Structure formats: C-alpha cells, structure tokens
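A short worksheet on the structure shown next.
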Amino acid sequence: MLKLNLKKKFQCLYEGTAKQQTPTLLNEIYTELYITESESGEINNEHKVRQIETQSRRAATEDKPIKCNDIFRPLPGQDKAIRTVLTNGGASIGKTVTVQKFIVDWAEGKENQDIQLIFPLPFRELNLMKNKTPSLSGLLHVFFPETKEMEIFSNDYKVLFIFDGLDECRLSLDFQSDVRLCDVSKSASVDVLLMNLIVGNLLPSALIWITSRPAAADLIPSKCVHRVTEVRGFNEPQKEEYFRKRISKKRLAEKIITHLKSSRSLYIMCHIPVFCWISATVLEKMLSEAESGEIPKTLTQMYTRFLIIQTNIKHEKDYEKKVKDEDMILKLGKLAFQQLVKGNLIFFEKDLRESGIDVTEASVYSGLCTQIFREEFGLYQGKIFCFVHLSIQEHLAALYAHLSFTNKERNVFDQSKQSPFSKILIQKKYASLSELHQRAMDEALHSKNGHLDLFLRFLLGLSLGSNQTVLQEVLTQIGGCSYRKEETVDFIKQKIMENPSPKRSINLFHCLNELGDDSLMQEIQDYLKSGHIGETKLSCLQWSALVYVLLTSEQKMDVFDLKQFIGTQNTADEVLQKLLPVVKKSRSVQLSDCGVTDEGCAALASALRSNSSRLRELNLTGNRPGVSGLHLLSDLLKDHHCKLEKLKLSDCGVTDEGCAALASALRSNPSHLKQLELSGNELGVSGLNLLSNGLKDPHCKLEKLK
1 MLKLNLKKKF QCLYEGTAKQ QTPTLLNEIY TELYITESES GEINNEHKVR QIETQSRRAA
61 TEDKPIKCND IFRPLPGQDK AIRTVLTNGG ASIGKTVTVQ KFIVDWAEGK ENQDIQLIFP
121 LPFRELNLMK NKTPSLSGLL HVFFPETKEM EIFSNDYKVL FIFDGLDECR LSLDFQSDVR
181 LCDVSKSASV DVLLMNLIVG NLLPSALIWI TSRPAAADLI PSKCVHRVTE VRGFNEPQKE
241 EYFRKRISKK RLAEKIITHL KSSRSLYIMC HIPVFCWISA TVLEKMLSEA ESGEIPKTLT
301 QMYTRFLIIQ TNIKHEKDYE KKVKDEDMIL KLGKLAFQQL VKGNLIFFEK DLRESGIDVT
361 EASVYSGLCT QIFREEFGLY QGKIFCFVHL SIQEHLAALY AHLSFTNKER NVFDQSKQSP
421 FSKILIQKKY ASLSELHQRA MDEALHSKNG HLDLFLRFLL GLSLGSNQTV LQEVLTQIGG
481 CSYRKEETVD FIKQKIMENP SPKRSINLFH CLNELGDDSL MQEIQDYLKS GHIGETKLSC
541 LQWSALVYVL LTSEQKMDVF DLKQFIGTQN TADEVLQKLL PVVKKSRSVQ LSDCGVTDEG
601 CAALASALRS NSSRLRELNL TGNRPGVSGL HLLSDLLKDH HCKLEKLKLS DCGVTDEGCA
661 ALASALRSNP SHLKQLELSG NELGVSGLNL LSNGLKDPHC KLEKLK
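full-length UniProt numbering applies: residue 1 is where the sequence shown begins, and numbers increase by one.
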C-alpha cells in the first residue's frame, strides 16, 4: 500500500503546469541529470548562475558521476558504508526530481529493492509541524497513515528517510544540543526528532538522504554525512535530449536547440532544467507560430516573454475579471523583491500579508498564474507559497523595482531598509533611471554570494525599449522617466575596472550584454582571432574583458598556453597576474620557456591554493623560478586544496636546496603529485638522497620520476 501510494504521488511531473491540467508521466520525459560525488565535501555558496558559467566547461573526466539510483552505492574502488547522503545543488537544478525518480523506480520494483520502506518528508511540510511534539512513530502515522498497522521499526525492514529541501527548513536544527533521543515512541519536538535521526541516536540502521541548496548545506555537521553529492543539472548532451523529448515535432526541436546555441548566455542557462522548460515554453510558441516580435536572445527577453505567455493563461481560462494584470504583477513583484532581499524561496501567509496580498487573492493568483506562482498543500494540509524557480522570482523582483521607479519615482532599495511593518517610506525624487541602476549595482557588488546578480541583469534589461514594448501587452501603465543608457554602460565599465575579481566583473559583462553593448567583447575577440594579442598593450578594462571572454568561451577550458598572450608588450609574470582566474579554471597550464620568475610562481601558488582550482598539470620547463619560487610551489603541494598531479620542472636550474623543498612536499600527506620531471637540472648527491628518502615515505603518491 505504501509503494502504491508513493507511486501515485510521484509518478507524474508537472513542470510548473497547473495541477488541473493533464500531467506528464515522469518516465516519459525524465532526462538523466548530471550528479557527481564531491571529493572534499566542500560547499559552494555562490549563486547557481555564477557556478554554471564555469562548470559548463569542465571536463567530464575529472568528475565522479553517479546515477540517482546509485546514491547509496559505493563507487568502484570505494570501500565505505554509506548511511547518510547530502545532495546539494542550486534552486530547481533537479534535486527534487532526482528524489522523485528514485522513489518511482523503487515503487515500481525496478531499483533498490533491498530497501523495504521509504519515507519522503519534505522540509516544507515538516515546517507546518514546527510547534508539535510527536514521537517518530506518531510523525510517520500522520504523514503515512497506511503504516499504522505495521511494525515499521522492527529488524525486518530496511528504512530510508528522505528529507528534501533543507534550505526551506524553518525548524531549529541544533546539533550542539545534548537532548539525546533513542526511543521511537517518545514524544519530542520535530527538530529534536530530526536531529537525533540524522546523528544516528534514533534508528542508527536507517538510511538518510538530505537535499539542500548550497547555502544551507552546512547546517548538517560533516561528521554526520558519509557522502556529499552535487546535482549539476544537465550536461551538454542532456540539454539536447531534454528538448527532443519535450518537443514532439522533431524539426521544431532542432530549431529551438539551434537558436539557444546561438546565444551563449542562454545556452549556459540550459544547465538548469527549469530554464529548459521556460525556453521550450517560449520558443515552441514563437518559432512555430507567426509571432510578431524579436525571438529572445537575452535572459530578460526570454523571461519577459514567458511572463506574457503565462499571464495570458488567465484570459484563455476566463478567470475572475476583477483581478487586473497590473495588480497581480505588481503585488507578486513586491513579494518577490522583499523575499529576495531576505533570501527566502518559500513563503507563508504572513509573508504574503506583508506584501499586501490577501490570502484569498493568493488562491486566485495561484490559479491564474500557476506556472509562475504556486500555492501548495502539504500532507499536513498547510498552505505554502513559492515561485516555480528563483530566476522567476528575480525577474518579477526586477520588474517591480523598475515599475516602482518609472511609475512612482520610488527606489525599492530605500524602501527595503524600512521595517516591513512600517508604512513610512523614504521620499526622494530621482532624476534618472541610471540612479536606480547604479544603486542596484552597488548593492549587488556588496553581496557575498551574488544573490542579486541575476536581479541586476533583469533590471538593466528591462530598461530597453524592446522589452517595454513586450510588457505593454499586459501593463497599460508603464511610466517614462529620463534615461541615458550610455550613463549606465559607463558606470558598469568603471565598476569593472574597480573590481578585478572575476566573480564580480563577469556578471557586469553579462549586464553589458543585456543592454546590447558588446563592443568590448568584440574588440577582444578580434585581437584573439588576429593572433597578435601578445603584441597589444591592453588597458585594465580590456584585460577584464579578456578574462570574461576566455571564461565564457564555448571551448572546454582544458589547456591554457601562456605563450599566445606574451610578447613585446606583456611579460609572463604580468600576464599570469592578469589571467589568474583563467589559470584557476584550467586543467593544464603550459608555461614552458616563457620567462616565469619567482613573482610568477607566487601568482601560481595563490591560484592553486584556491578551493575552486581545477589545475592538475603545470609545465614550467625552461623557466627560472629560483629557490624562493620552488619553495612556494613545494609548500603549495602540501596544501589540501591543491590537486596538482603532474609537475614539470625540466631545465629550471633546480639545485640541492630545491630538491629539499620538493622532497618535503612528497612526504606531505595531502600531496596528490603523481608525476615529477626534473631532467636537465644539476642535481647533486645530497639532492638525490633527499628525493630518494621522500620516495620511501608512505605518504608519497609519486608514480613517475624523470
């Protein structure tokens, strides 16, 4: 009965469509997601869009892919028991669908039949029992009444608990608490039950699977987790497979794939399954009908078209006429902005009231705009509200910010500083839309995890006349105000020069793209095509543009060759400093005979110490790094973030002192070095003895010494 009920609950995939419509069977449209095991277990708290811009070009060979049904099975060569798995990934990247697929395959008798019972308990539903004090058995009887007659905690059953959406948890999970609970029939608060279950005091033999967005993943202590996996969405082949399954007409599917590939920023976003759905919804309509208007090439154009399509559902279904499009969009936009600033993805009734939305109105909004805003009823019959995807929330928040400024001359960032219960707003008149853009840019740049990056791109894109023309289909009042795009473009370029960090500047280049200004990028592309970029004296702005172009190129970033960038105008050490972000994202860095000195080695060391570094091979043949440079590199090999496997130091003037530093690195436990080349150096007896002793050390992983 449990299997049958879970199959009924999870066998359909709605992709945001209204539940009264015909659903799609999960197994008909399911496209395998790209899931990997994390070696370090470290969590990346950056905005998902930032991450996928570089992940999209990682070589598949460096990862350990795992199929969703193998989540509790050790990989080949691993010898470890896996009780608790933490799966992290960005909003709507596919975590919940992965859980859904696992459950359906189990319920249909296809996979993981060694597990007798699965209990999926989403945090958004557990939140509704925050003030209750059930026992563990009582909690399960509430959510799964069919288990009341079963001895579910006997040794006859292997049990799996699935806690989906840790980032949505509003319970107080205090793992420092000394409240120890071992009895499944003893009452306690829900947070105490969960904490003792995860730690292993309650049902130590039960399997635990927790999913979370990265920002909340560290709520679970690492000592309680036996495997950390990451859902990365779709890889390149999976993107195309999705559209071919989703679009029934083959020619149209190929047309959509071709269009998306023509826009790098759109195709990168297709790593997110929900964005594929949004793109399919918009492009299927626009490319198959005699639609007027420009086919979307930027994110803002795509999401604005999507908003129009979904709002028109109201007219097709003849929902209540009293709800105006403007009112709905503005109120949802206000909610989206206020909750985005707070970092919330799900909302309760009190959150809606703070944004001026009546709970009865919310039901109408949910019905008329289901694919944007969802009202859900958990198993515990409480109301939960959410946007289908964070990016939709960001787009509506940006639209609210734009309309507040153009229609009412209000800057939402001034309002957001007030208490949510305060009706007193800072009243200040603004002369130009550029002032709002500059304020938003400053706010985004001060965000540690980039949570306003996509909001900023949407806000700037909405200022273009083409997007405002599209919005006039649903908004009769779009105010006008003074705006010179050139002011915003100049401000962006100034901020790029002030922010050498690629994490900051890359989003600013995307902002230029939203505004239709690609002059800088085109200039750099021309230099690269000419093959004479090393002979060109680049400005700070142009160096930043070069980093952006290289990091967002369609080419897989496997090998970085310094020689193409150095020449009469640029020395090796200078170029290494400027292109350090590219070095971090490269798998192999070729620096042979480039004139790299101690200064360049210091730059390399800082790159390799980064926890995001992918560098596995470093070729310094024919350079003169010096003793201090070798010491820096050797110390680096001891760092746990450094995953360097191959180091070439042929003809580098390595002496006995340099050998001492390298031998020390070989004896270091974290060192991953497997291949070391030292040919062409003048090594003395003492240097060779030091290296030989290093090779005898049990920590040494070296397989080849030349």
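By construction, the Cβ of each residue, glycine as well, lies at the ideal position given by its N, Cα and C atoms. Note that the coordinates shown come from a computational prediction; the quantities given were computed from them, not determined experimentally.
Exposure of residue i, with buried meaning 16 or more beta-carbon neighbours within 10 Å
| i | result |
| --- | --- |
| G356 | exposed |
| Q310 | buried |
| T87 | buried |
| L445 | buried |
| S262 | exposed |
| N467 | buried |
| N155 | exposed |
| R484 | exposed |
| N131 | exposed |
| K110 | exposed |
| D573 | buried |
| V596 | buried |
| S539 | exposed |
Neighbourhood of residue i by C-beta distance below 6 Å, restricted to the same chain and skipping five residues each side
| i | result |
| --- | --- |
| E631 | For the record, residue 631 in the displayed sequence is His; it is not Glu. Closer than 6 Å at Cβ, skipping near neighbours: A661. |
| S434 | E487, T488 |
| Q238 | T31 |
| M1 | E146 |
| I506 | Y548 |
| G653 | R624 |
Counterpart residues of residue i in DSSP-defined beta bridges
| i | result |
| --- | --- |
| S212 | N88 |
| I35 | V231 |
| K648 | N619, E677 |
| T24 | L13 |
| F161 | F119, I208 |
| Q438 | Q438 pairs with nothing; no bridge assigned. |
| Q590 | D561, N619 |
| L705 | L676 |
| P625 | The partner list for P625 (beta bridge, DSSP) is empty, contrary to what the question assumes. |
| I346 | C386 |
Distance, residue j Cα to residue i Cα
| i | j | result |
| --- | --- | --- |
| K331 | Q338 | 11 Å |
| N127 | Y527 | 56 Å |
| E448 | A607 | Contrary to the premise, residue 448 reads as Lys rather than Glu in this sequence. Their backbone Cα atoms lie some 20 Å apart in a straight line. |
| L512 | K493 | 9 Å |
| S187 | S137 | 9 Å |
| L283 | R305 | 9 Å |
| G694 | R83 | 37 Å |
| K706 | V231 | 40 Å |
| F387 | Y30 | 22 Å |
| K8 | K255 | 35 Å |
| N623 | C594 | 7 Å |
| residue 717 | S222 | Residue coverage of the chain in this structure runs from 1 to 706, which leaves residue 717 outside it and unanswerable. |
| Y242 | L252 | 13 Å |
| V144 | Q11 | Correcting the residue identity first, residue 144 is Phe in this sequence and not Val. Rounded to whole angstroms, F144 to Q11 spans 17 Å at the Cα level. |
| A545 | D70 | 42 Å |
| K585 | D558 | 8 Å |
| I278 | K704 | 50 Å |
| L117 | L140 | 12 Å |
| K245 | E28 | 8 Å |
| G629 | P65 | 36 Å |
| M129 | V190 | 7 Å |
| T24 | L13 | 5 Å |
| F348 | E168 | 12 Å |
| D651 | L678 | 7 Å |
| Q78 | E294 | 52 Å |
7 Å Cβ shell around residue i - same chain, five flanking residues per side excluded
| i | result |
| --- | --- |
| L644 | L608, L615, R616, L618, L637, H672, L673 |
| N112 | N69, W106 |
| L460 | H437, T488, C511, E514, L515 |
| K101 | L26, Y30, C68 |
Same chain only: Cβ atoms within 8 Å of residue i, ignoring 5 sequence neighbours per side
| i | result |
| --- | --- |
| L4 | A107 |
| Q525 | V549 |
| C276 | F234, K239, Y242, F243, R246, C270 |
| C700 | L666, R667, S671, G694 |
| L340 | Q393, E394, A397, H451, L452, F455 |
Contact test: residue i Cβ vs the ligand MG heavy atom, cutoff 6 Å
| i | result |
| --- | --- |
| A603 | Of ligands this structure carries none, so the ligand MG is not represented either. |
Inset, instruction - Could you say if the region 214–227 and the region 67–87 meet the contact criterion of at least three C-beta pairs nearer than 8 Å? - result: yes
Inset, instruction - May I ask you to verify whether the region 562–582 touches the region 530–539, counting CB pairs closer than 8 Å and requiring at least 3? - result: yes
Legend entry - Three-pair Cβ contact test at 8 Å for the region 209–217 versus the region 150–170: yes
Inset, instruction - Answer yes if the region 450–459 comes into contact with the region 393–413, meaning at least three C-beta pairs across the two stretches below 8 Å, and no otherwise. - result: yes
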